[in-house]
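J.:
Numbering (my numbering), first residue to last: 5 to 468.
1. How would you label residue 291, buried or exposed, when you count the other beta carbons within 10 angstroms and need 16 or more for buried?
2. Restricting to Cα atoms, I'd like to know which of 268, 65, 458, 307 is closest to residue 405.
3. Is residue 250 helix, strand or coil when you go by DSSP?
4. Are residue 115 and residue 192 touching if we call contact CB-CB under 8 Å?
5. As a quick exercise: from 369, 432, 367, pick the residue whose alpha carbon is nearest that of residue 386.
6. Around the C-beta of residue 60, are 16 or more other C-beta atoms found within 10 angstroms, so that it is buried, or is it exposed?
7. Report the option in 289, 8, 136, 302 whose CA atom is closest to the CA atom of residue 34.
8. Using the Cα positions of residue 91 and residue 36, report the straight-line distance between them to the nearest angstrom.
9. Cα-Cα, which of 455, 266, 441 is closest to residue 422?
10. Exposed or buried, residue 365, counting other C-beta atoms within 10 Å across all chains shown (16 or more means buried)?
11. Taking only three categories from DSSP, how would you classify residue 257?
12. For residue 465, name the three-state secondary structure that DSSP assigns.
13. Excluding five sequence neighbours on each side, which residues of the same chain lie with their C-beta closer than 7 Å to the C-beta of residue 231?
14. If contact is defined by three or more beta carbon pairs under 8 Å, each pair taking one atom from either stretch, is the stretch 323-331 in contact with the stretch 384-403?
15. Inspect the beta-carbon positions of residue 418 and residue 244 and report whether they are closer than 8 Å.
16. Measure the CB-CB distance between residue 63 and residue 133 and report whether it falls below 8 Å.
17. Looking only at C-alpha atoms, which of 87, 78, 76 sits nearest to residue 19?
18. Let me know if residue 392 comes out buried or exposed under the rule of 16 or more other beta-carbons within 10 Å of its beta-carbon.
19. Look up residue 293 in the DSSP assignment and say whether it is helix, strand or coil.
20. Leaving out five residues on either side along the sequence, give the residues of the same chain with a beta carbon under 7 Å from the beta carbon of residue 350.
21. Taking a contact to mean a Cβ-Cβ separation below 8 Å, would you say residue 27 touches residue 6 in this structure?
22. Only counting runs of 4 or more residues, tell me where the alpha helix (DSSP H) segments fall wholly within the stretch 147-191, in order along the chain.
23. Opposite residue 202 in the DSSP bridges: which residues?
24. State the start and end residues of the unbroken alpha helix (DSSP H) segment that holds residue 217.
25. Ignore the nearest five residues each way along the sequence and tell me which others in residue 373's own chain have a CB closer than 7 Å to its CB.
26. Can you give the Cα-Cα distance for residue 72 and residue 152, rounded to whole angstroms?
27. Comparing alpha-carbon positions, which option in 183, 293, 120, 160 lies nearest residue 176?
28. Which class does residue 361 belong to by DSSP, given the choice of helix, strand or coil?
29. Is the beta carbon of residue 469 less than 8 Å from the beta carbon of residue 448?
30. Could you give the residue range of the alpha helix (DSSP H) that holds residue 317?
31. If we ignore side chains and look at the alpha-carbon of each, how far apart do residue 172 and residue 210 end up?
32. Assuming residue 446 is part of the alpha helix (DSSP H), what are its boundary residues?
33. Rounded to the nearest angstrom, what separates residue 89 and residue 47 at their Cα positions?
34. Compute the distance between the beta-carbons of residue 474 and residue 396, then report whether it is under 8 Å.
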């Protein structure tokens, strides 16, 4: 008899072990996660994290084929036969799921080919169960985060411009890693800002995240070592700089008034620093990076506004580049999207925004942002203090540092707000293409934390 799968707790690595030991099959795994989606996506807790699910018969055929391959000893990769959900910004025509980008304007779009990263997942034997929802509080990869936390899949793939991967993960007690911009292909993926956009994964464990991130990175660079090799058992040799949590707090008009949260997070932040030091890590606290809203540039604006202006100015080109991947789209440019939104206000909440910026101005502003975030920020701290990574609260504008520097950025589970139970996390950043240093820190950090809490979906159902 197959071993029952606890979809709320099982990691991808757990599933692989069961498959290797012959205690379950990919067909049975697919059925378990499809049941959870059916129970709590539009019914039950009504999470609405998944926009579309692949045809069931198709999933069964794929899972059966992967089981047969495993029986013959033909294992494609370390995640062979494991399910994943992908953000509905990745084209998936061969999987018979639409790509709507969370917009009614793209409801009947027909991409010509799969996103390159989707094909990379398939080539490694992963099964794409469904497409995750986008627009929601915290960022456009929120559906990807909720899907993993709710047991719809052990893994998910999202994208990030500024915080849209890491912020939702931090609110779902997950590990996430935004890969260095330019290190993975975004062909066949909706992009907001070509200068900043990248992809990354979410998972319940560092091992799962390292395995998934390696699939993505090695597709572009086959010779790159597995990030699993960067994992370690303890804090020996770890070196990290922690920013001043008080300097990086969100303003109350953004965060809202959460009774006792500031005191709790400050106390637990210091406890984490003390624990890492006691376990043999080198910790420097505080290290200084100027928050983006406090770094003023010529004209009286700040670098946060500057980055937003760059994103808006690149949105038109990103939109038109993506539309070329579609067959006879209903909308053909940014103006069409704006017109659709105006004609369908009951369907669309956020209007596309248009802003023009010359290439010369864009490059100048990118250099200003890089100077602030990298040269005078991350690079300076790392070189002056001799640390590998920098740590900061996720409940902050620190994601902007990763944007301006164009560096990899992760989120790790940290704690739960005492007054509400809401998870919150920490960011971890390193220099470009140094994801292995982030994974090393994350793996040591994971050893210091108790098992993650799973969401009480039955309580959510009762509350509805």
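Beta carbons are placed, not taken as given, at the ideal position from N, Cα and C, and that holds for glycine. These numbers come from a predicted model, not from an experiment.
T.: Put simply:
1. Translated into positions along the chain shown, residue 291 becomes position 287. Buried: at least 16 other Cβ atoms inside 10 Å.
2. The residue you call residue 405 lines up with position 401 of the chain shown. Out of 268, 65, 458, 307, 307 has the C-alpha closest to the C-alpha of residue 405.
3. Start at 1 with the first residue of the chain shown, and residue 250 comes out as number 246. Correct three-state label for residue 250: coil.
4. Position 111 of the chain shown, counting from 1, holds the residue named residue 115. Position 188 of the chain shown, counting from 1, holds the residue named residue 192. Yes, Cβ-Cβ distance for residue 115 and residue 192 is below 8 Å.
5. Along the chain shown, read from residue 1 onward, the residue named residue 386 stands at position 382. Here the closest residue by C-alpha is 432.
6. Within the chain shown, numbered from 1, the residue matching residue 60 stands at position 56. That one is exposed.
7. To locate residue 34, count along the chain shown from 1; it is residue 30. Taking only the C-alpha atoms, the option nearest residue 34 is 8.
8. For the purposes of this step, residue 91 is taken as residue 87 along the chain shown, with counting starting at 1. For the purposes of this step, residue 36 is taken as residue 32 along the chain shown, with counting starting at 1. Cα to Cα, the separation comes out at about 21 Å.
9. Here residue 422 refers to the residue found at position 418 when the chain shown is read from its first residue. Taking only the C-alpha atoms, the option nearest residue 422 is 266.
10. Walking along the chain shown from the start, residue 365 turns up at place 361. Residue 365 should be labelled exposed.
11. Taking the chain shown and counting its residues from 1, one reaches residue 257 at position 253. In the structure shown, residue 257 sits in a helix (DSSP, three-state: H, G or I).
12. For the purposes of this step, residue 465 is identified with residue 461 of the chain shown, where counting begins at 1. Helix at residue 465.
13. Within the chain shown, residue 231 is the residue found at index 227, counting from 1. Cβ neighbours of residue 231 beyond the five flanking positions: 214, 217, 218, 439, 440, 443.
14. no
15. Reading the chain shown from its first residue, position 414 is the one you call residue 418. Reading the chain shown from its first residue, position 240 is the one you call residue 244. It is not a contact, given that the beta carbons lie outside the stated cut-off.
16. Here residue 63 refers to the residue found at position 59 when the chain shown is read from its first residue. Here residue 133 refers to the residue found at position 129 when the chain shown is read from its first residue. Yes.
17. Residue 19 sits at position 15 when you count from the first residue of the chain shown. Checked all of 87, 78, 76; the closest Cα to residue 19 is 87.
18. Sequence index remark: in the chain shown, residue 392 carries index 388 (1-based). Residue 392 comes out buried.
19. Taking the first residue of the chain shown as position 1, residue 293 is located at position 289. Reduced to three states, the DSSP call for residue 293 is coil.
20. For this step, residue 350 is matched to residue 346 along the chain shown. Note that residue 350 has pLDDT 46, beneath the 50 cutoff, so the model's placement of it is unreliable and the number below is only indicative. Cβ neighbours of residue 350 beyond the five flanking positions: none.
21. Taking the chain shown and counting its residues from 1, one reaches residue 27 at position 23. Taking the chain shown and counting its residues from 1, one reaches residue 6 at position 2. Yes. Within cutoff.
22. 170-174
23. As a first step, residue 202 must be located in the chain shown, where it is residue number 198. 164, per the DSSP bridge assignment.
24. Position 213 of the chain shown holds residue 217. Counting along the chain, the alpha helix (DSSP H) containing residue 217 begins and ends at 210-224.
25. What you label residue 373 is simply residue 369 of the chain shown in a count that begins at 1. Cβ neighbours of residue 373 beyond the five flanking positions: 307, 310, 311, 408.
26. On the chain shown, position 68 is the one that residue 72 refers to. On the chain shown, position 148 is the one that residue 152 refers to. Computed Cα separation, rounded: 27 Å.
27. In the chain shown, the residue the question calls residue 176 occupies position 172. Checked all of 183, 293, 120, 160; the closest Cα to residue 176 is 160.
28. For this step, residue 361 is matched to residue 357 along the chain shown. In this structure, residue 361 counts as coil in the three-state DSSP scheme.
29. This structure cannot speak to residue 469, because the chain is shown only from 5 to 468.
30. Working through the chain shown from its first residue, we reach residue 317 at position 313. Residues 307-327.
31. For the purposes of this step, residue 172 is taken as the residue at position 168 of the chain shown. For the purposes of this step, residue 210 is taken as the residue at position 206 of the chain shown. Looking at the two C-alpha atoms, the distance is approximately 17 Å.
32. Your numbering for residue 446 matches position 442 in the chain shown. Segment 439-450, the alpha helix (DSSP H) holding residue 446.
33. Locating residue 89 in the chain shown gives position 85, counting from the first residue. Locating residue 47 in the chain shown gives position 43, counting from the first residue. If you take the alpha carbons of residue 89 and residue 47, they lie about 19 Å apart.
34. The first residue shown for the chain is 5 and the last is 468, placing residue 474 beyond what the model contains.
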